[in-house]
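Asks: Can you read through this structure? Questions will come right after.
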Amino acid sequence: GDSVTQMEGPVTLSEEAFLTINCTYTATGYPSLFWYVQYPGEGLQLLLKATKADDKGSNKGFEATYRKETTSFHLEKGSVQVSDSAVYFCALSDPYNTDKLIFGTGTRLQVFP
Amino acid sequence: GAVVSQHPSWVICKSGTSVKIECRSLDFQATTMFWYRQFPKQSLMLMATSNEGSKATYEQGVEKDKFLINHASLTLSTLTVTSAHPEDSSFYICSASPQGSSYNEQFFGPGTRLTVL
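Going down the list, the protein sequences come from chains C and D. Oh and the first sequence: position 25 is 25 in our numbering, straight run, nothing missing. Whatever position you read off the second sequence (first residue = 1), add 1000 for our numbering.
Here's what the structure looks like:
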């Protein structure tokens, strides 16, 4: 079945460092891909999304490119801030059942000043 | 906008009792709400999809008689864990899709941590 694999955390960085959180997926069709972020004590929030191959989603300085050839959707940010500390979830929507989101295990990011 | 609340945020109960968790969309109407379960260091697993005014659709392996879902209005869905046991201890998260949106546009609640003693 469809699945999402993302790197285990925690990822610990100093402020202004470059961030990459890897995400790869397995899907039989052509899924839409998402990154969600969960700040402490809050619900998951959509950070960015891409709906087809080569699309780049971007928001709040974060970017991810839908790479069909490598089945990847890695999250990047050029300069992280302490306020970016959160848990990041990669997800896909099942192309054969558009009401389902399939999530990765989440990666905790800790940014220190 | 698009805020989803859950109540309670955490609950501790004795084995054999039932626990009700509420999920509310505060500033929009939600035709569809979703219930997820999350184990430590694991991904969110969809338990069921509920549509206002109709029976919930449960995922394979989820006991519908144990996890009762009611979606009585466009802003409220409830999950009742009946005869809870320690293995039901988990983090339960709901989400809601605004009326008229695509299903993968979901807004999430902050979650409810259930501990069964």
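The beta-carbon is built from N, C-alpha and C at its ideal position, and this holds for glycine as well. On a predicted model such as this, the values are computed, not experimentally measured, just so you know.
With distances taken between CB atoms, is the gap from C:Cys90 to C:Gln6 smaller than 8 Å?
Replies: C:Cys90 places its beta carbon less than 8 Å from that of C:Gln6.
Asks: Whether or not the stretch 105-112 of chain C and the stretch 1051-1070 of chain D are in contact is what I'm after, with contact meaning three or more pairs of Cβ atoms, one per stretch, closer than 8 Å; do they touch?
Replies: Using a Cβ-Cβ distance cut-off of 8 Å, the stretch 1051-1070 of chain D and the stretch 105-112 of chain C are not in contact, since fewer than three pairs of beta carbons, one from each stretch, lie closer than that value.
Asks: Between the stretch 1018-1041 of chain D and chain C, which residues of the former have CB atoms less than 9 Å from a CB of the latter, in chain order?
Replies: Thr1032, Phe1034, Tyr1036, Gln1038, Lys1041
Asks: Would the stretch 1024-1033 of chain D and the stretch 56-72 of chain C be scored as touching if the rule is three or more Cβ pairs under 8 Å?
Replies: no
Asks: Answer with buried or exposed for D:Pro1098, where buried requires no fewer than 16 other C-beta atoms within 10 angstroms of its C-beta.
Replies: buried
Asks: For C:Val80, which three-state DSSP category applies?
Replies: coil
Asks: How about C:Lys100: is its C-beta nearer than 8 Å to some C-beta of chain D?
Replies: Cβ-Cβ to chain D under 8 Å: yes for C:Lys100.
Asks: Taking a Cβ distance cut-off of 7 Å, strictly less, list which residues of the stretch 1039-1061 of chain D are near chain C, in chain order.
Replies: Lys1041, Gln1042, Ser1043, Leu1044, Leu1046, Thr1049
Asks: Please report whether the beta-carbon of D:Phe1067 lies at a distance below 8 Å from any beta-carbon of chain C.
Replies: no
Asks: Should C:Ala53 be labelled buried (16 or more other beta-carbon atoms within 10 Å of its own) or exposed?
Replies: Residue burial annotation: C:Ala53 is exposed, with fewer than 16 other C-beta atoms found within 10 angstroms of its C-beta.
Asks: To be precise: take each residue of the stretch 1003-1016 of chain D, compare its Cβ to all Cβ atoms of chain C, and keep it if any distance is under 7 Å. Which residues remain?
Replies: Val1004
Asks: Looking at D:Pro1086 and D:Val1062, is the spacing between their C-beta atoms short of 8 Å?
Replies: no
Asks: Is it true that the CB of C:Val82 sits closer than 8 Å to the CB of C:Pro113?
Replies: yes
Asks: Which same chain residues, not among the five before or five after D:Trp1035, have their C-beta less than 6 Å away from its C-beta?
Replies: Met1047, Ala1048, Leu1079, Cys1094
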